[in-house]
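Structure first, then comments.
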Amino acid sequence: SREAWEYFMTAIAESEEGMRELRRLNLLDTNVETVGGGVATALGSGKVPSLQSIFPSYFHLDERGVRSLCDAIREGKFPSKLGGIGFRLLCEDGPPIDLDPLLVSIAESEGGLPSCVTSLNLSGGRVGVGSLALLAASRGDSLRGKLSSLESLSLSGCQIDDARLQRLAEVFRAHECGALGGLGLHQNCISAAGLSTFLDTLQPESLPNVYCLGLEGQRVQGGEGGQEQEESLDCFLRTLLKEPSRTRKLPSVTLIGSDIIWK
């Protein structure tokens with residue numbers, strides 16, 4: 307049961323000796339993926355320092371799980387050789403989950419997001435301008451940015467408007483994301499002007515390997531309908547393909563609907 311796995315992960319984190327020789331943890335065909343917060347607590351406790359793989363490798367986070375992940379990031383004791391894992395926000399009925407504490411914990415942690423965390427699907431959460439600005443202004447290990455391990459990031463449906471998008475560009479400018487391949491920004495409130503500013507803020511080395519930028523389903527800010535907004539964005543993207551000053555930051559761009567695909 308979910309409660310049993312929460313207990314198991316907490317027991318690992320609170321044990322005196324831990325499981326220091328454990329290298330592989332196979333929990334397939336269980337529902338351990340539902341207790342992402344507990345998994346983060348165990349992995350970030352420093353009690354499984356030799357762990358190299360865990361299966362499954364993708365875990366769900368509810369509001370409490372997000373808080374647990376924040377605490378684990380601040381601890382900074384994730385296994386150094388652990389292969390890529392991911393977390394997905396579990397959105398249920400009710401207000402959107404506040405993602406500001408997660409961004410703040412990454413900003414305040416010396417090492418930033420643990421190197422083993424390669425995927426974050428935060429779709430449906432809520433992101434504030436202040437937390438993005440704090441992350442953009444933070445400094446840590448000079449050898450790597452605080453998001454350098456990310457291969458996939460989704461902020462779809464996170465109430466991102468033009469102001470937040472500019473702050474997000476500042477984050478990528480401060481913390482280069484060389485491993486990032488996919489960036490999901492679907493179903494937000496992004497205008498053509500906002501996307502233009504986003505691109506102008508980036509440096510060529512900010513997102514050098516992104517091959518897919520999801521932009522479908524943008525909504526008119528303060529309104530219900532999104533058709534006019536999407537048509538404006540489509541027009542801008544088609545114009546973008548003809549502007550070397552911007553496309554040099556996004557090499558080999560191909561337009562498919564309101565998504566940009568990098569090859």
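For what it's worth, the numbering used here labels the leading residue of the sequence shown as 307, then goes sequentially. We put the beta carbon where it would ideally sit given N, CA and C, even for glycine. Bear in mind that the values here come from a model prediction, so they are computed numbers and not experimental data.
The continuous stretches of beta strand (DSSP E) do not include residue 336, and DSSP gives it neither H nor E.
Taking the C-beta atoms as reference points, residue 498 is found nearer than 7 Å to residue 539.
Here residue 487 is not near residue 511, since their CB atoms are 7 Å or more apart. Residue state for residue 376 is assigned as helix, using DSSP reduced to three classes. Under the three-state reduction of DSSP, residue 391 is assigned to strand. Only buried fits residue 344, as 16 or more other CB atoms lie within 10 angstroms of its CB. By alpha-carbon distance to residue 336, the top candidate from 405, 329, 353 and 365 is 365. By the neighbour-count criterion, in which 16 or more other beta carbons inside 10 Å mark a residue as buried, residue 310 falls on the exposed side. Beta-bridge partners of residue 467 (DSSP): 495.
Taking C-beta atoms as the reference points, residue 430 and residue 390 fail to come closer than 7 Å. Taken atom to atom, the span from the alpha-carbon of residue 321 to that of residue 353 is near 8 Å. Per the DSSP secondary-structure output, residue 410 pairs with nothing in a beta bridge. Ranked by how close their Cα comes to the Cα of residue 401, the residues 432, 443, 421 and 492 have 432 in first place. Distances from the alpha-carbon of residue 411 to those of 314, 509 and 444 put 444 closest. Excluding five sequence positions before and after residue 307, the CB atoms of its chain that fall closer than 8 Å to its own CB belong to 337, given in chain order.
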